[in-house]
Amino acid sequence: MATMPIVGEAHEGEPYLSEKQTIKWVVHDFESLEHGFGQELECSPLRCHGHLWRLRLYPRGGENALESWVSAYLSLEEIDKKNNRDELKVKFSIRVGEKEEHYEPEPLPEMEMSGGNIIQRPELIDPSNNHIVNGNLTVQITIQIYMDRPSPWTPKKRLNKDMLNLLESGDQSDVTFIADEEKFLVHKLILSTRAPVLAELVENGSANNEIRIKDVDKTVFRALLRYVYAEEVPPPRKFKKLAKQLLEAADRFGCVGLKLHAEVELVNAGIDSSEAANVLLDADARSCALLKEEALSVIAAN
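Next up, the structure:
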């Protein structure tokens with residue numbers, strides 16, 4: 459079987475590695491420390507990448523080391539609460555004096571540690587190796603965290619909101635509709651592209667551009683205009699209640715998109731067998747193909 463060429467590749471949800479950050483401890487008079495084998499030197503916790511870390515240093519070796527070694531471990535003391543997780547995937551290195559050990563990425567739960575034997579003690583305290591300076595030992599831990607890749611920022615879409623604000627404010631409106639005794643201030647230019655039949659009413663209207671809309675409830679007309687301006691449909695429960703009236707109004711005023719939405723809502727709501735014949739006639743008259751097909755199916759089943 460021939461191998462098809464791959465023209466693109468993406469890894470969704472792939473974590474990425476953070477920048478390197480380093481935290482440092484300076485142990486004064488290291489050689490004079492009296493800690494024995496398996497005894498830990500208490501070190502202060504420090505923050506890095508927003509999390510709290512502690513160096514666990516064993517001057518004469520930890521439990522899993524020979525006494526001739528100096529052991530160091532990175533302990534995750536506290537995860538930043540904003541991360542909302544119990545462990546971090548960490549890549550880090552521990553540098554004791556001039557000797558550095560790197561550790562492969564691994565999950566590190568809170569209050570757990572990772573590290574090991576870093577350098578033999580005789581090598582560390584040998585002055586010719588310059589690991590200890592003026593009697594002080596510097597331990598540095600460089601940390602990288604695997605993080606969830608952030609979603610790319612995009613500006614919020616404001617067109618629909620701005621269009622609804624224009625409708626509600628009536629700013630620079632040039633025509634007034636009156637439906638059920640409520641006035642609606644609208645703009646001819648928007649009507650001409652979004653509801654052409656309404657636009658024709660404006661062209662043929664009165665000189666003062668006040669046009670009465672008969673046989674349409676003000677709630678239905680308001681919903682129609684909000685769709686004309688911003689393609690907004692009512693909330694589901696309200697839409698279900700108004701679907702038939704909105705279909706009639708949308709068909710009457712040439713608002714094709716709202717008509718299709720209302721038609722789908724009526725189909726999804728189902729057609730009662732006792733009403734199927736009337737729905738079929740109405741759907742045929744309004745050129746509602748989906749509603750007509752559903753009505754025919756109900757009639758055929760009964």
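If you count by this note's numbering, then the sequence shown holds residues 459 to 760, one letter each, in order.
Using N, Cα and C, we set each Cβ at its ideal position, and we do this for glycine too.
Sort 708, 735 and 750 by Cα distance to residue 725 and report the nearest one. The option with the nearest alpha carbon to residue 725 is 750.
For residue 682, which three-state DSSP category applies? Here residue 682 sits in helix by DSSP.
Nonlocal neighbours in the same chain, by C-beta distance under 8 Å from residue 669, ignoring five residues either side: 633, 634, 635, 636, 659, 660 and 663.
Hey, residue 511 and residue 533 are a contact pair by Cβ (cut 8 Å); roughly how many whole angstroms apart? Right, the Cβ-Cβ distance comes to about 7 Å (below 8 Å), so this counts as a contact.
Between residue 576 and residue 489, which are expected to be in contact by the criterion C-beta below 8 Å, what is the C-beta distance as a whole number of angstroms? That belief does not hold up - the Cβ atoms of residue 576 and residue 489 are roughly 16 Å apart, past 8 Å.
Whose C-alpha, out of 517, 513 and 709, is nearest the C-alpha of residue 552? For the residues 517, 513 and 709, the minimum Cα distance to residue 552 belongs to 513.
Are any of the Cβ atoms in chain D nearer than 8 Å to that of residue 489? Annotation note: the requested chain D is absent from the structure, which comprises a single protein chain.
In the DSSP assignment, the alpha helix (DSSP H) including residue 721 goes from what residue to what residue? Unbroken alpha helix (DSSP H) run through residue 721: 714 to 727.
Given a cut-off of 8 Å on the beta-carbon distance, is the pair residue 687 and residue 754 in contact? No. Outside cutoff.
Contact belief for residue 700 with residue 716 at Cβ below 8 Å, rounded distance in angstroms: Contact flag wrong, Cβ pair sits at about 11 Å.
Residue 737 (DSSP reduced to helix, strand or coil): Here residue 737 sits in helix by DSSP.
Would you check if the distance between the CB atom of residue 503 and the CB atom of residue 535 is smaller than 8 Å? Cβ atoms of residue 503 and residue 535: closer than 8 Å.
Taking the alpha helix (DSSP H) that residue 650 falls in, what are its first and last residues? Per DSSP, residue 650 belongs to the alpha helix (DSSP H) from 646 to 652.
Quick check on residue 657: buried or exposed, where buried means 16 or more other Cβ atoms within 10 Å of its Cβ? It counts as buried.
Take the Cβ of residue 543 as the centre, count every other Cβ of all protein chains shown within 10 Å, and call the residue buried at 16 or more, exposed below. Under this definition residue 543 is an exposed residue.
Given a threshold of 16 other Cβ atoms within 10 Å of its Cβ, counted over all protein chains shown, does residue 709 qualify as buried or as exposed? By the 10 Å Cβ count, residue 709 comes out buried.
With three or more C-beta pairs closer than 8 Å as the rule, is the stretch 564 to 571 touching the stretch 614 to 623? These segments do not touch.
Ordered along the chain, which non-local residues of its own chain (more than five positions away) have a Cβ less than 7 Å from that of residue 579? Counting only Cβ-Cβ distances below 7 Å, and skipping sequence neighbours, we find 518, 526, 527 and 528.
Less than 8 Å between the CB atoms is what I'm expecting for residue 712 and residue 654, so what's the real figure, rounded? Right, the Cβ-Cβ distance comes to about 5 Å (below 8 Å), so this counts as a contact.
Per-residue burial, residue 590 [other beta carbons within 10 Å of its own, 16 or more giving buried]: Residue 590 is buried by the Cβ-count criterion.
Given residue 593 as reference, the closest of 585, 744 and 539 once Cα atoms are compared: Ranking the options by Cα distance to residue 593, first place goes to 585.
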